[in-house]
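Participant: First residue of the sequence shown: 20, per this note's numbering; consecutive thereafter. Glycine included, C-beta positions come from ideal geometry on N, C-alpha and C.
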Amino acid sequence: MNAQPLPPPLCAQDYADLARERLDAATWAWLESGGADEITVRTNRDAYAGVRLRSRVLRPLAGAHTRLDLDGHALAHPILIAPMAWHGLVHPDAEQATALAAAATGTPFIVSAQSGTPVETLAALPGPPHLWFQLYAQTRREDTLALARRAVDAGARALVLTVDAPVNGVRNAEQRSGFHPPSHIRSVHLDGLSPAKARPTLPGGSPLFDSGLLDAAPTWDDVAWLRAQLPGTRLWLKGILDPDDARAAIGHGIDGLIVSNHGGRCLDTLPATLDALPGVAQAVDGRVPILMDGGIRRGTDILKALALGAQGVLIGRPVLHALAAGGAPAAAHLIQVLRGELEVAMTLTGCRTLADIGPDVLWDR
Ligand code: FNR
Numbered sequence: 020m021n022a023q024p025l026p027p028p029l030c031a032q033d034y035a036d037l038a039r040e041r042l043d044a045a046t047w048a049w050l051e052s053g054g055a056d057e058i059t060v061r062t063n064r065d066a067y068a069g070v071r072l073r074s075r076v077l078r079p080l081a082g083a084h085t086r087l088d089l090d091g092h093a094l095a096h097p098i099l100i101a102p103m104a105w106h107g108l109v110h111p112d113a114e115q116a117t118a119l120a121a122a123a124t125g126t127p128f129i130v131s132a133q134s135g136t137p138v139e140t141l142a143a144l145p146g147p148p149h150l151w152f153q154l155y156a157q158t159r160r161e162d163t164l165a166l167a168r169r170a171v172d173a174g175a176r177a178l179v180l181t182v183d184a185p186v187n188g189v190r191n192a193e194q195r196s197g198f199h200p201p202s203h204i205r206s207v208h209l210d211g212l213s214p215a216k217a218r219p220t221l222p223g224g225s226p227l228f229d230s231g232l233l234d235a236a237p238t239w240d241d242v243a244w245l246r247a248q249l250p251g252t253r254l255w256l257k258g259i260l261d262p263d264d265a266r267a268a269i270g271h272g273i274d275g276l277i278v279s280n281h282g283g284r285c286l287d288t289l290p291a292t293l294d295a296l297p298g299v300a301q302a303v304d305g306r307v308p309i310l311m312d313g314g315i316r317r318g319t320d321i322l323k324a325l326a327l328g329a330q331g332v333l334i335g336r337p338v339l340h341a342l343a344a345g346g347a348p349a350a351a352h353l354i355q356v357l358r359g360e361l362e363v364a365m366t367l368t369g370c371r372t373l374a375d376i377g378p379d380v381l382w383d384r
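1) Helix, strand or coil: which one does DSSP assign to residue 264?
2) Taking only runs that begin and end inside the region 292-373, name each unbroken beta strand (DSSP E) of 3 or more residues, in chain order.
3) Check for me: the alpha helix (DSSP H) holding residue 248 runs from which residue to which?
4) Between residue 261 and the ligand FNR, is the CB less than 7 Å from at least one heavy atom?
5) Per DSSP, residue 154 forms a beta bridge with which residues?
6) Please report the distance separating the alpha-carbon of residue 76 from that of residue 371.
7) Straight-line CA distance for residue 194 to residue 44?
8) For the region 121-136 against the region 359-369, do three or more pairs of beta-carbon atoms, one drawn from each stretch, fall closer than 8 Å, so that the two count as touching?
9) Give every residue of the same chain whose Cβ lies closer than 7 Å to the Cβ of residue 380, excluding the five residues on either side of it in the sequence, and list them in chain order.
10) Between residue 97 and residue 331, is the Cβ-Cβ spacing less than 8 Å?
11) In three-state terms, what does DSSP make of residue 380?
12) Span of the alpha helix (DSSP H) holding residue 141?
13) Spatial neighbours of residue 207 within its chain, please: CB distance less than 8 Å, with the 5 preceding and 5 following residues excluded, ordered by chain position.
14) Check the DSSP bridge columns for residue 387 and list the partner residues they point to.
15) So residue 63 packs on residue 313, CB below 8 Å; how close in whole Å?
16) Using the beta-carbon count (16 or more within 10 Å), is residue 238 buried or exposed?
17) Our contact map puts residue 359 next to residue 318 with C-beta atoms below 8 Å; I'd like the distance itself, whole angstroms only.
18) Alpha carbons only, please: which of 373, 384, 382, 377 is nearest the one belonging to residue 85?
19) Assess contact between the region 242-252 and the region 157-177, defined as three or more Cβ pairs (one per stretch) separated by less than 8 Å. Is contact present?
20) How big is the Cα-Cα spacing for residue 28 and residue 355?
21) Going by C-alpha distance, which of 382, 109, 375, 384 is nearest residue 79?
22) Please classify residue 190 as buried or exposed, where buried requires at least 16 other C-beta atoms within 10 Å of its C-beta.
23) Measuring straight from C-alpha to C-alpha, what distance separates residue 159 and residue 214?
24) Bridge partners of residue 72, per DSSP?
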């Protein structure tokens with residue numbers, strides 16, 4: 020069969036098409052799949068499509084820019100790279116390619132606890148890249164703290180504790196694909212830490228509730244403990260959707276929140292992050308910065324997230340799509356494309372700076 024080569028990528032969807040063509044079916048299922056029936060994956064995207072923008076004309080736009088101060092970090096634009104496991108599954112240069120793309124585009128890269136490349140290696144790359152580090156609470160508190168200290172010592176400028184995935188979601192599409200990571204792909208930061216161990220359960224027992232696996236699931240007490248151990252470090256929580264959880268996080272001295280449903284990969288039928296964002300923003304009331312992720316594929320999506328209360332956004336799957344399609348240059352191009360689309364959207368809604376983006380850019384506000 021002589022398939023026509025795909026045209027050069029112009030937007031995030033073009034990179035998704037290229038990645039799908041290049042990756043084997045099981046890797047694609049790992050990357051792309053969501054929980055259960057993937058309703059939340061679709062809902063994340065549909066939410067942006069359901070919000071219409073309001074164009075404003077003839078406003079002065081000279082000196083327009085996308086700069087911001089995010090919790091003390093001076094950034095050129097409001098786009099960050101979401102933490103994602105195992106970039107080596109999609110490109111041999113793995114996280115090093117992502118970090119180079121991040122450095123080339125002035126984009127903070129949140130390195131996953133499940134990175135296949137040590138954070139020290141990434142921090143030593145030219146740029147140097149602006150790195151944050153994502154943590155999962157480990158079975159033993161000391162392991163979580165050691166991981167946190169290791170990342171900060173390597174130069175991570177903020178830590179992100181992901182709290183929405185104490186268990187894996189029911190990812191049927193990935194299960195059906197038969198996906199297993201090849202032996203050379205491992206989470207290098209977790210080497211030597213004690214993994215949660217399941218006790219054998221009696222006949223009729225539950226492999227989740229009766230196995231002791233949840234004994235180590237993190238609680239607000241663990242957040243309070245970690246916060247107290249890291250007084251000088253910026254600590255964010257990722258995976259907040261509920262306004263009460265947002266208030267609790269602020270009460271625990273958290274520096275910033277990431278509104279996220281894990282890209283629809285955990286609990287299916289959660290609401291779209293765009294729909295959860297206003298409630299969280301109202302509860303937070305400007306006390307800490309908010310980032311959000313989930314389904315962002317266009318500059319107009321970013322504009323809508325900022326209009327509803329986020330200071331910036333995380334990009335997940337599209338970064339891996341671009342990496343699969345062309346390594347570091349493609350990942351850098353993807354970020355430039357999204358930033359360029361945001362600038363066009365700002366121009367056409369009459370917004371000179373990010374501070375001008377508010378609910379009045381939305382038609383049905
Ligand atoms: C993720 N995500 C994730 N989150 C996290 O906190 N730690 C992790 O290791 C991972 N790993 C991971 C792997 C893959 C393949 C994907 C697609 C996602 C979730 C990620 O940070 C982010 O919340 C979502 O990907 C955002 O949604 P979009 O942009 O992918 O739609």
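Facilitator: Walking through what the data contain:
1) Your numbering for residue 264 matches position 245 in the sequence shown. In the structure shown, residue 264 sits in a helix (DSSP, three-state: H, G or I).
2) 309-312, 331-334
3) Taking the sequence shown and counting its residues from 1, the one referred to as residue 248 is at position 229. Where residue 248 is concerned, the enclosing alpha helix (DSSP H) stretches over 239-248.
4) Within the sequence shown, residue 261 is the residue found at index 242, counting from 1. No - the ligand FNR has no heavy atom lying nearer than 7 Å to the Cβ of residue 261.
5) Taking the sequence shown and counting its residues from 1, the one referred to as residue 154 is at position 135. DSSP output for residue 154 lists 180 as bridge partner(s).
6) Residue 76 sits at position 57 when you count from the first residue of the sequence shown. Residue 371 sits at position 352 when you count from the first residue of the sequence shown. Distance between the alpha carbons of residue 76 and residue 371 is about 12 Å.
7) Position 175 of the sequence shown holds residue 194. Position 25 of the sequence shown holds residue 44. Distance between the alpha carbons of residue 194 and residue 44 is about 12 Å.
8) no
9) To locate residue 380, count along the sequence shown from 1; it is residue 361. Closer than 7 Å at the Cβ level, and outside the excluded window around residue 380, lie 72, 73, 322, 326, 368, 370.
10) Within the sequence shown, the letter at position 78 stands for residue 97. Within the sequence shown, the letter at position 312 stands for residue 331. Cβ distance < 8 Å, so residue 97 and residue 331 count as in contact.
11) Here residue 380 refers to the residue found at position 361 of the sequence shown. The answer is helix: DSSP assigns residue 380 an H, G or I state.
12) In the sequence shown, the residue the question calls residue 141 occupies position 122. Where residue 141 is concerned, the enclosing alpha helix (DSSP H) stretches over 138-142.
13) Working through the sequence shown from its first residue, we reach residue 207 at position 188. Same-chain partners within the cutoff: 134, 135, 136, 137.
14) The chain is shown from 20 up to 384; residue 387 falls before or after that span and cannot be answered.
15) If you number the sequence shown from 1, residue 63 lands on position 44. If you number the sequence shown from 1, residue 313 lands on position 294. Going by Cβ atoms, the distance from residue 63 to residue 313 rounds to 4 Å, so yes, they are a contact pair.
16) The residue you call residue 238 lines up with position 219 of the sequence shown. Residue 238 should be labelled exposed.
17) The residue given as residue 359 occupies position 340 in the sequence shown. The residue given as residue 318 occupies position 299 in the sequence shown. About 7 Å; that satisfies the 8 Å criterion.
18) For the purposes of this step, residue 85 is identified with residue 66 of the sequence shown, where counting begins at 1. With distances taken between Cα atoms, residue 85 lies closest to 373.
19) yes
20) In the sequence shown, counting from the first residue as 1, residue 28 sits at position 9. In the sequence shown, counting from the first residue as 1, residue 355 sits at position 336. C-alpha separation (whole angstroms): 12 Å.
21) By one-based count along the sequence shown, residue 79 stands at place 60. Ranking the options by Cα distance to residue 79, first place goes to 375.
22) Along the sequence shown, read from residue 1 onward, the residue named residue 190 stands at position 171. With 16 or more Cβ atoms within 10 Å of its Cβ, residue 190 is classed as buried.
23) Taking the first residue of the sequence shown as position 1, residue 159 is located at position 140. Taking the first residue of the sequence shown as position 1, residue 214 is located at position 195. Rounded to whole angstroms, residue 159 to residue 214 spans 9 Å at the Cα level.
24) On the sequence shown, position 53 is the one that residue 72 refers to. DSSP output for residue 72 lists 381 as bridge partner(s).
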